[in-house]
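Notes to accompany the following structure.
Number of protein chains: 2
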Amino acid sequence: MQLPRSIGLVSAQKAVFDEPITLSSGTILPYYELVYETYGKLNADASNAILVCHALSGNHHAAGRYSVDDKNPGWWDTMIGPGKPIDTDKFFVIGLNNLGGCHGSTGPSSINPATGQPYGSAFPLVLVRDWVETQKRLADRLGITQFAAVIGGSLGGMQALRWSITHPERIRHCLVIASAPKLTAQNIAFNDVARQAILTDPDFHGGDYYQHNTLPRRGLRLARMLGHITYLSDDGMGEKFGRLLRSGEYKYGFEVEFEIESYLRYQGDKFAEVFDANTYLLMTKALDYFDPARHYNNDLVAALSEAKAQFLVVSFTTDWRFSPARSKEIVKALLAAKRQVSYAEIESEHGHDAFLMEDPPYHAIMRNYMQRIAKEIAQ
Amino acid sequence: MQLPRSIGLVSAQKAVFDEPITLSSGTILPYYELVYETYGKLNADASNAILVCHALSGNHHAAGRYSVDDKNPGWWDTMIGPGKPIDTDKFFVIGLNNLGGCHGSTGPSSINPATGQPYGSAFPLVLVRDWVETQKRLADRLGITQFAAVIGGSLGGMQALRWSITHPERIRHCLVIASAPKLTAQNIAFNDVARQAILTDPDFHGGDYYQHNTLPRRGLRLARMLGHITYLSDDGMGEKFGRLLRSGEYKYGFEVEFEIESYLRYQGDKFAEVFDANTYLLMTKALDYFDPARHYNNDLVAALSEAKAQFLVVSFTTDWRFSPARSKEIVKALLAAKRQVSYAEIESEHGHDAFLMEDPPYHAIMRNYMQRIAKEIAQ
Numbered sequence: 001m002q003l004p005r006s007i008g009l010v011s012a013q014k015a016v017f018d019e020p021i022t023l024s025s026g027t028i029l030p031y032y033e034l035v036y037e038t039y040g041k042l043n044a045d046a047s048n049a050i051l052v053c054h055a056l057s058g059n060h061h062a063a064g065r066y067s068v069d070d071k072n073p074g075w076w077d078t079m080i081g082p083g084k085p086i087d088t089d090k091f092f093v094i095g096l097n098n099l100g101g102c103h104g105s106t107g108p109s110s111i112n113p114a115t116g117q118p119y120g121s122a123f124p125l126v127l128v129r130d131w132v133e134t135q136k137r138l139a140d141r142l143g144i145t146q147f148a149a150v151i152g153g154s155l156g157g158m159q160a161l162r163w164s165i166t167h168p169e170r171i172r173h174c175l176v177i178a179s180a181p182k183l184t185a186q187n188i189a190f191n192d193v194a195r196q197a198i199l200t201d202p203d204f205h206g207g208d209y210y211q212h213n214t215l216p217r218r219g220l221r222l223a224r225m226l227g228h229i230t231y232l233s234d235d236g237m238g239e240k241f242g243r244l245l246r247s248g249e250y251k252y253g254f255e256v257e258f259e260i261e262s263y264l265r266y267q268g269d270k271f272a273e274v275f276d277a278n279t280y281l282l283m284t285k286a287l288d289y290f291d292p293a294r295h296y297n298n299d300l301v302a303a304l305s306e307a308k309a310q311f312l313v314v315s316f317t318t319d320w321r322f323s324p325a326r327s328k329e330i331v332k333a334l335l336a337a338k339r340q341v342s343y344a345e346i347e348s349e350h351g352h353d354a355f356l357m358e359d360p361p362y363h364a365i366m367r368n369y370m371q372r373i374a375k376e377i378a379q
Numbered sequence: 001m002q003l004p005r006s007i008g009l010v011s012a013q014k015a016v017f018d019e020p021i022t023l024s025s026g027t028i029l030p031y032y033e034l035v036y037e038t039y040g041k042l043n044a045d046a047s048n049a050i051l052v053c054h055a056l057s058g059n060h061h062a063a064g065r066y067s068v069d070d071k072n073p074g075w076w077d078t079m080i081g082p083g084k085p086i087d088t089d090k091f092f093v094i095g096l097n098n099l100g101g102c103h104g105s106t107g108p109s110s111i112n113p114a115t116g117q118p119y120g121s122a123f124p125l126v127l128v129r130d131w132v133e134t135q136k137r138l139a140d141r142l143g144i145t146q147f148a149a150v151i152g153g154s155l156g157g158m159q160a161l162r163w164s165i166t167h168p169e170r171i172r173h174c175l176v177i178a179s180a181p182k183l184t185a186q187n188i189a190f191n192d193v194a195r196q197a198i199l200t201d202p203d204f205h206g207g208d209y210y211q212h213n214t215l216p217r218r219g220l221r222l223a224r225m226l227g228h229i230t231y232l233s234d235d236g237m238g239e240k241f242g243r244l245l246r247s248g249e250y251k252y253g254f255e256v257e258f259e260i261e262s263y264l265r266y267q268g269d270k271f272a273e274v275f276d277a278n279t280y281l282l283m284t285k286a287l288d289y290f291d292p293a294r295h296y297n298n299d300l301v302a303a304l305s306e307a308k309a310q311f312l313v314v315s316f317t318t319d320w321r322f323s324p325a326r327s328k329e330i331v332k333a334l335l336a337a338k339r340q341v342s343y344a345e346i347e348s349e350h351g352h353d354a355f356l357m358e359d360p361p362y363h364a365i366m367r368n369y370m371q372r373i374a375k376e377i378a379q
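Read top to bottom, the protein sequences are chains A and B. Per the UniProt record's numbering, residue 1 is the first one in the first sequence, and the count goes up by one each step. Per the UniProt record's numbering, residue 1 is the first one in the second sequence, and the count goes up by one each step.
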């Protein structure tokens, strides 16, 4: 059996930024670091660069492994690599941890140089447009004046969309997957329950739990359990877990009774140990605030009329977090703005999580589109 | 202007049960009390009695007011009263607080006669079939050998369904509204997040918070906020709140930013002060365990073949907690079991909560069906 080709061993790099950045909130961050990874080689005219933007709990480690024993490849390893849809034989792919993250880039758990303590509650909120600004600075640093494509799923798709509006000259293609032009009231409501779980955890200490040698594990666990429900489809969950009992019989207590409870609690527990609660809060707020039409009199067509990129918009049938209808809002606005757009609605049972999965029709669409880009830049 | 007729002032009654009850869990409760209300008059042959079963956070106070200044009528006051769809000029309507409740019937917050302290963690789990057993005992006490109808929405509909299977001779009609034959994995998942919020609240004290002079408010608040999202439709929430900002401008903080946050937090805060957390846990477990097909080799048709009642099943288009598809499962099984069933799918934007609302087409269907029952029993 031939193993699938992979990008193999990778390692992260760090870019240090001394020029201050004024964030959307008005706060100025005088210094920050971004951790990133690159896969493939930048060509001579720097025309083959791809930026991959991550979603809520993602990071810069999009592909490859850190050691030969590493059992967990990057979060989009099925998508990115030699011969894969985002082909590293052709493209130079950048994954970065967004500002405010908890995987190496400056964020709430980083040491604040002004105090020698973790930022905690002192770390400002960061919006999608702020991420795009820091991503642009990283591109400048790497000598990339125009990305062949900016690609993202979910919150990552919002970054791609923002790129196309704010820096139209700097991206040729914009791939927006399982995303939305803004959150609905229901989306915000779910985010607020997750936030309230964290904010009201007695171990949260107003965001300064680091100094108390504790973590708001209970709150973050609940937030993740809840999030997880919204990432899966009702049907997919039903097929995977149904009403399967852990022990075969009702136990009439509050321990795990159904397999779905075991799964969710395990996911929550695991996440609460490794993810930073302040980063989680910040990411959910970036989602809530994202609304590119807002500064265009709530006219998405006007906002997207700024764009010069060509678009691929992808949605998944059972995604109820960002349903196909939300992707169609983007497509409709792009068409009204007379932009070039392709749209694919993929049959899937995996809900919102489908964008992370290795599904042949989905990957075929991505592969075809990326090959078209590769041909364009080779001309 | 003529005020709508109302049942007017009502008061609760209490029934004391000294005969022990063996619950589904195997636990024996030697003594319990049920608080209930009745509206209208029981006729000479006791053929006009209607049992109204409540949902998760409901109680016995289904209609009328407790005083002339009382601003909050019973939870189904629009449905029950003189000239209303469940017409108290024709029917004798009983609402009761289920065993395990927190509005007067024996439950976790009641004093355990054995200890002189609130039951707390010592109170057993109570299942839908246990409620039906206690409701039957109340019917016996009131001299009702057959209900003209047992009616319920959501968890209340499950009680009606259980009545039809367990005591087929004792109900003529079964009205199952916005309900389901059992929970899906997703339903259970939402319930478990709500339970984990309560169980992990440091103020929960293993269920014995009464002795600690505290309440697990944080957990119960989160549970209610989450529940509330699932009671409303995405569209309904969007129409009512959209992305409306509290102050008109982004504040970049964790205080209320969007109106939907304000609404949910308020609902959560209010509920956490008045509802008992142990009762909430117990009610969600009753939902999870409900599965009448389970003892019929998972064959709902076989389970419903026990029934002798005629059925009305009602669902609401935007209800995603118990969608129309779930009601259709019941209808399909009833038809396969050769039972008489009418089905109505009501166009509504109010999601699951629609069953509580005063919607003319919905009320017309209920009214017509109840008038048919009234004619039957008058013959």
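Glycine included, each C-beta is placed from N, C-alpha and C at the ideal position.
Just curious, the alpha helix (DSSP H) that residue i is in, first and last residue?
i: Thr-166 (chain B); result: 155-166
i: Tyr-266 (chain A); result: 259-274
Distance check for residue j and residue i, CA to CA, integer angstroms please.
i: Ile-364 (chain A); j: Pro-85 (chain A); result: For the sequence presented, residue 364 (chain A) should be read as Ala rather than Ile. So the alpha carbons of these two residues sit roughly 7 Å apart.
i: Asn-187 (chain B); j: Ala-55 (chain B); result: 15 Å
i: Tyr-31 (chain B); j: Ile-21 (chain B); result: 8 Å
i: Gly-152 (chain B); j: Thr-134 (chain A); result: 56 Å
i: Met-1 (chain A); j: Asn-368 (chain A); result: At Met-1 (chain A), the pLDDT of 43 sits below 50, so the modelled position is not reliable and the matter cannot be decided from this model.
i: Glu-261 (chain A); j: Asp-192 (chain B); result: 6 Å
i: Pro-124 (chain B); j: Val-256 (chain B); result: 39 Å
i: Tyr-210 (chain B); j: Ala-194 (chain A); result: 27 Å
i: Arg-326 (chain A); j: Ala-160 (chain A); result: 15 Å
i: Lys-308 (chain B); j: Ile-165 (chain B); result: 8 Å
i: Arg-265 (chain A); j: Gly-219 (chain B); result: 16 Å
i: Val-126 (chain B); j: Thr-230 (chain B); result: 23 Å
i: Leu-222 (chain B); j: Leu-281 (chain A); result: 16 Å
i: Asp-269 (chain B); j: Arg-217 (chain B); result: 8 Å
i: Leu-312 (chain A); j: Tyr-343 (chain A); result: 6 Å
i: Leu-199 (chain A); j: Leu-215 (chain A); result: 12 Å
i: Asp-70 (chain B); j: Asp-353 (chain B); result: 23 Å
i: Val-341 (chain B); j: Ser-305 (chain B); result: 13 Å
i: His-295 (chain A); j: Leu-9 (chain B); result: 54 Å
i: Met-79 (chain A); j: Asp-201 (chain B); result: 41 Å
i: Gly-207 (chain A); j: Asn-59 (chain B); result: 40 Å
i: Val-112 (chain A); j: Thr-27 (chain A); result: Sequence check: residue 112 (chain A) is Asn here, not Val. Between Asn-112 (chain A) and Thr-27 (chain A), the C-alpha separation is close to 14 Å.
With respect to the beta strand (DSSP E) encompassing residue i, which residues constitute its N-terminal and C-terminal limits?
i: Gly-95 (chain B); result: 92-96
i: Val-176 (chain A); result: 171-177
i: Leu-51 (chain B); result: 49-53
i: Thr-38 (chain A); result: 32-39
i: Tyr-250 (chain A); result: Per DSSP, Tyr-250 (chain A) belongs to no beta strand (DSSP E) and is neither H nor E.
i: Leu-312 (chain B); result: 310-316
i: Glu-345 (chain B); result: 341-346
Tell me whether the beta-carbon of residue i lies closer than 7 Å to the beta-carbon of residue j.
i: Val-314 (chain B); j: Ala-337 (chain B); result: no
i: Glu-358 (chain A); j: Thr-318 (chain A); result: no
i: Ala-286 (chain A); j: Val-128 (chain A); result: yes
i: Arg-321 (chain B); j: Phe-271 (chain B); result: no
i: Ala-185 (chain B); j: Gly-351 (chain A); result: no
i: Val-35 (chain A); j: Asn-97 (chain A); result: yes
i: Asp-130 (chain B); j: Ser-24 (chain B); result: yes
Residues of chain E with CB under 8 Å from residue i, in chain order?
i: Tyr-231 (chain B); result: Of the chains in the structure shown, none is chain E; the protein chains are A and B.
Using a Cβ-based criterion (distance less than 6 Å to any ligand heavy atom), does residue i qualify as near the ligand MG?
i: Glu-239 (chain A); result: What this structure holds is no ligand at all, so the ligand MG is not there to describe.
**Request:** Kindly confirm or deny that the segment 168-181 of chain B and the segment 116-128 of chain B touch, where touching means at least three C-beta pairs closer than 8 Å.
**Result:** no
Margin query: Measuring CB atoms only, is the segment 90-109 of chain B touching the segment 41-49 of chain B, in the sense that at least three cross pairs come out at less than 8 Å?
Written below: Below 8 Å, enough C-beta pairs join the segment 90-109 of chain B and the segment 41-49 of chain B to call them touching: three or more.
- Is it true that the segment 96-112 of chain B meets the segment 272-283 of chain B, where meeting means three or more beta-carbon pairs spaced less than 8 Å apart? yes
Q. When Cβ atoms are compared, which residues of the segment 190-205 of chain A fall closer than 7 Å to chain B?
A. Contact residues of the segment 190-205 of chain A toward chain B are Phe-190, Asp-192, Val-193, Arg-195, Gln-196, Ala-197, Leu-199, Thr-200, Pro-202 (C-beta to C-beta distance below 7 Å).
In chain order, what residues of the segment 171-187 of chain B put their CB closer than 7 Å to some CB of chain A?
Lys-182, Thr-184, Ala-185, Gln-186
Chain B contacts from the segment 85-108 of chain A (Cβ-Cβ distance under 7 Å): Under the 7 Å Cβ criterion, the segment 85-108 of chain A contributes no residue.
| request: Identify each residue in the segment 257-273 of chain B for which the Cβ-Cβ distance to at least one residue of chain A is less than 9 Å, and report them in chain order. | output: Cβ contacts with chain A come from Glu-257, Phe-258, Glu-259, Ile-260, Glu-261, Tyr-263, Leu-264, Arg-265, Gly-268.
- Listed in chain order, which residues of the segment 20-32 of chain B have Cβ atoms closer than 9 Å to some Cβ of chain A? Leu-23, Ser-24, Ser-25, Gly-26, Thr-27
Exercise for the section: Check distances from the C-beta atoms of the segment 129-153 of chain A to those of chain B and list, in chain order, the residues that come in under 7 Å. Expected result: none
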